[in-house]
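Mapping of the sequence shown onto the numbering used here: residues 7 to 255, in sequence order. Every residue, glycine too, gets a C-beta built ideally from N, C-alpha and C. Here's the structure, in C-alpha cells; my notes come after.
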Amino acid sequence: MRHLAVKNFEHFQHYKDRRPPWIKLYQEVLEDYEFTRLQDASRSHLLAIWLLASRYENRIPYDADWIGRAILASSPVDLDVLISAGFLTVCDGASDTLAGRKQDAKPETEEETEAEKESAAGETKSDPRPRNASRTALKPTDQERVVLEHYTQVHPRRRWGDKEVRSVRRALVLGFSPAELNEAIDGNAGDEWHAQRKKHELSYVLRDAGQIDNFRDRARPLQLTQPPVIDGELSPEMLRLSDPLKRVS
C-alpha cells in the first residue's frame with residue numbers, strides 16, 4: 007500500500023519515542039526557497055502534516071481527503087504541490103526506508119539534556135571539528151567551494167552543509183558568478199540592520215536573483231560620475247547628494 011513520508015523526518019524528531027508530544031521546527035524554514043514558494047494554505051498544511059508524520063511513524067496514508075480531515079484543514083490539501091516541492095515522498099510497500107525505524111524506547115519530556123542543547127547550538131565537546139567544517143553529503147564543485155569558503159571567512163563561527171551547497175548551486179544556475187555571490191555575502195555582512203539581527207544565513211542571502219542583486223548593491227561604494235571637487239568647489243553631483251530636496255530630481 008502506498009503511503010507518504012516526510013523528507014528528512016529525523017530533522018524534526020527530537021527524541022527517540024515513536025509518538026513524541028512535540029517535534030522540532032527550525033526558524034530557518036522561513037529562508038527555505040521551496041517553502042517560501044508555497045501558497046499560504048499549502049504551508050499551513052505542511053506544518054500540520056509534519057505533526058501528523060510524528061504520530062504515524064512517518065507512514066502517512068496517501069489520501070488527500072483523509073489527511074485533510076486528520077489535520078482539520080478548511081481547504082483541500084494539494085499533495086502534488088508538496089511532493090513536487092520535495093517535502094513529501096511517495097513510498098510503496100513496507101520495504102521503503104522510514105523515519106520511524108527501531109529506536110530506543112524513551113519517555114518523552116520537554117526538557118533537553120545539556121548534550122542536546124550543545125548539539126543544537128552547533129558544537130559539542132566530543133566534536134573536534136572547526137566550527138566552519140563541512141557537514142555535507144553533497145560534494146561542492148570548485149566554483150561552489152569558492153563561495154562556501156568565502157562565506158566561512160566572512161562568518162568564521164558558521165558552518166556550511168547541504169543546505170548551503172544547494173543555495174550556492176541554485177544561485178550559480180541563475181547566472182551569477184562566484185565573485186558576484188561573494189559580493190552579495192559581503193553586502194549582507196556589512197549591512198547594519200542585518201548585522202544587528204545576525205541575519206546572515208546563506209540561504210537567505212542567496213534566496214533569489216533580486217535578493218542577490220540587492221546585497222551586491224549594498225557592497226558597492228558610491229560611484230560618482232564626476233570628481234567630488236572641481237576648482238575648489240563641490241561638483242554638481244556632490245551638491246545634489248548633499249541636498250535632500252535635490253536627491254529626488
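Residue i, DSSP secondary structure in three states
{"i": "Ile66", "result": "strand"}
{"i": "Gly193", "result": "helix"}
{"i": "Ala215", "result": "helix"}
{"i": "Ile55", "result": "helix"}
{"i": "Trp199", "result": "helix"}
{"i": "Ile29", "result": "coil"}
{"i": "Ser80", "result": "coil"}
{"i": "Leu36", "result": "helix"}
{"i": "Pro146", "result": "coil"}
{"i": "Leu85", "result": "helix"}
{"i": "Leu44", "result": "coil"}
{"i": "Ser183", "result": "coil"}
{"i": "Glu207", "result": "coil"}
{"i": "His161", "result": "coil"}
{"i": "Arg226", "result": "coil"}
{"i": "Phe18", "result": "coil"}
C-beta atoms of residue i and residue j nearer than 8 Å
{"i": "Phe18", "j": "Ile29", "result": "yes"}
{"i": "Ala215", "j": "Leu180", "result": "yes"}
{"i": "Leu212", "j": "Trp166", "result": "no"}
{"i": "His200", "j": "His161", "result": "no"}
{"i": "Lys204", "j": "Phe93", "result": "no"}
{"i": "Ala91", "j": "Leu144", "result": "no"}
{"i": "Ala76", "j": "His51", "result": "no"}
{"i": "Gln149", "j": "Leu178", "result": "yes"}
One or two residues paired with residue i in a DSSP bridge
{"i": "Leu94", "result": "Val12"}
Separation of residue j from residue i, as counted between CA atoms
{"i": "Phe175", "j": "Arg164", "result": "Sequence check: residue 175 is Arg here, not Phe. Answer to the nearest angstrom: the Cα atoms are 19 Å apart."}
{"i": "Pro146", "j": "Val152", "result": "9 Å"}
{"i": "Ile66", "j": "Val87", "result": "16 Å"}
{"i": "His1", "j": "Ala70", "result": "No information on residue 1 is available, as it lies outside the stretch 7 to 255 that the chain covers here."}
{"i": "Pro184", "j": "Ala195", "result": "16 Å"}
{"i": "Ile73", "j": "Glu16", "result": "21 Å"}
{"i": "Ala190", "j": "Tyr157", "result": "10 Å"}
{"i": "Leu57", "j": "Glu170", "result": "26 Å"}
{"i": "Val35", "j": "Tyr210", "result": "10 Å"}
{"i": "Ala47", "j": "Tyr32", "result": "19 Å"}
{"i": "Leu230", "j": "Asn188", "result": "Only weak support exists for where Leu230 lies, its pLDDT of 47 falling under 50; the coordinates are left without a value."}
{"i": "Glu198", "j": "Asp192", "result": "12 Å"}
{"i": "Val96", "j": "Gln202", "result": "42 Å"}
{"i": "Tyr68", "j": "Ile55", "result": "12 Å"}
{"i": "Ala59", "j": "Ala11", "result": "7 Å"}
{"i": "Asp223", "j": "Met7", "result": "53 Å"}
{"i": "Tyr39", "j": "Pro27", "result": "28 Å"}
{"i": "Ala127", "j": "Asp84", "result": "Legend: pLDDT at Ala127 = 48, less than 50; position of this residue unreliable, no value from coordinates given."}
{"i": "Arg61", "j": "Ile218", "result": "40 Å"}
{"i": "Asp98", "j": "Glu37", "result": "31 Å"}
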